[in-house]
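S.K.:
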Amino acid sequence: MTAPMTGPKTEPATEPATEPETEPKIRGRGESAPGLAEELRISIARLSRRLRTLRRPAGGASGADGPAPLTLTQFAALAAIERHGSMTPRELADHEKVQPPSMTRVIAFLEERGLVARSPHPTDGRQVVLNATEAGSELLADERRRKEAWLARRLTELTDDEREILRRAAPIIDKLSRS
């Protein structure tokens, strides 16, 4: 039988009356900033995924509604060109945070489908600028209408107070998305 080991006696640590806050709190909420960040990330990802499901699968066969829809990368590039007006291929690649060779393939596909057109750069003859064509703008408008109609239907299922909270949160979420 072995005797229990004993070492120098230490006093138990005393805890302060209140623990110091290690995570910043969100004003008006009892949750930590990381907790809210997790909730927002999950909710926004689910909503984004749900909105993406409203599109026909990319790469499918052309049907009665026309050719298959664009991939998310192609759609984002087309939307950026339409939103920002004339852009050089390099500006578009930088904006979309992709390498120029990848963007070259995206632009070629969009141009082949008649969704973007190249024109000479107004001040630099070595470059071209990209613009959305009428067909490209119509495709974007149709996609936006479909998603906004679905979201509008879902919003009618909420209370007036819930819709007001979302109305006030929308610019804040937009601000976060731009940082």
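First residue of the sequence shown: 620, per my numbering; consecutive thereafter.
Every residue, glycine too, gets a C-beta built ideally from N, C-alpha and C.
Ignoring anything shorter than 3 residues or poking outside the stretch 710-768, list the beta strand (DSSP E) runs there in chain order.
M.R.: You should have 735-739, 747-751.
S.K.: Three-state secondary structure (DSSP) at SER798?
M.R.: For the purposes of this step, residue 798 is taken as the residue at position 179 of the sequence shown. Coil.
S.K.: Skipping 5 residues on each side, what residues in its chain have a beta carbon closer than 8 Å to that of LEU711?
M.R.: Position 92 of the sequence shown, counted from the first residue, corresponds to residue 711. Only ALA696, ALA699, ILE700, MET722, ILE726, LEU749 meet the Cβ criterion.
S.K.: Identify whether SER705 lies in helix, strand or coil by the three-state DSSP scheme.
M.R.: Residue mapping note: residue 705 aligns to position 86 of the sequence shown, counting from 1. Here SER705 sits in coil by DSSP.
S.K.: Within 10 Å of its beta-carbon, does GLY733 have 16 or more other beta-carbons around it, so buried, or fewer, so exposed?
M.R.: As a working mapping, residue 733 is identified with position 114 in the sequence shown. That one is exposed.
S.K.: The alpha helix (DSSP H) spanning GLU657 covers which residue range?
M.R.: Position 38 of the sequence shown, counting from 1, holds the residue named residue 657. It spans 652-671 - the alpha helix (DSSP H) in which GLU657 sits, taken as one unbroken run.
S.K.: What residue from THR707, SER662, THR778 has the CA that sits closest to ARG737's CA?
M.R.: Residue numbering aside, residue 737 sits at position 118 when the sequence shown is read from its first letter. Of THR707, SER662, THR778, the residue nearest in Cα terms is THR707.
S.K.: Relative to the C-alpha of ASP793, which candidate in GLY744, ILE663, SER651 has its C-alpha closest?
M.R.: Along the sequence shown, one-based indexing puts residue 793 at 174. Of the candidates GLY744, ILE663, SER651, the one whose C-alpha sits nearest the C-alpha of ASP793 is ILE663.
S.K.: On the three-state DSSP scale, how would you describe THR692?
M.R.: Taking the sequence shown and counting its residues from 1, the one referred to as residue 692 is at position 73. It is helical.
S.K.: With distances taken from CA atoms, which of ARG665, ILE661, GLU657, ALA751 is nearest PHE694?
M.R.: Stepping through the sequence shown from its first residue, residue 694 is reached at position 75. Looking at the Cα atoms, ALA751 is the closest of the given residues.
S.K.: What does the alpha-carbon distance come out to for the pair LEU759 and GLU767?
M.R.: The residue labelled residue 759 in the question sits at position 140 within the sequence shown. The residue labelled residue 767 in the question sits at position 148 within the sequence shown. Their Cα atoms are separated by approximately 12 Å.
S.K.: Nearest-angstrom Cα distance between THR778 and ALA771?
M.R.: The count along the sequence shown starts at 1 and reaches residue 778 at position 159. The count along the sequence shown starts at 1 and reaches residue 771 at position 152. If you take the alpha carbons of THR778 and ALA771, they lie about 13 Å apart.
S.K.: Report buried or exposed for LEU729, applying the criterion of at least 16 other Cβ atoms within 10 angstroms of its Cβ.
M.R.: Mapped onto the sequence shown, residue 729 falls at position 110. Buried, because 16 or more other Cβ atoms sit within 10 Å of the Cβ of LEU729.
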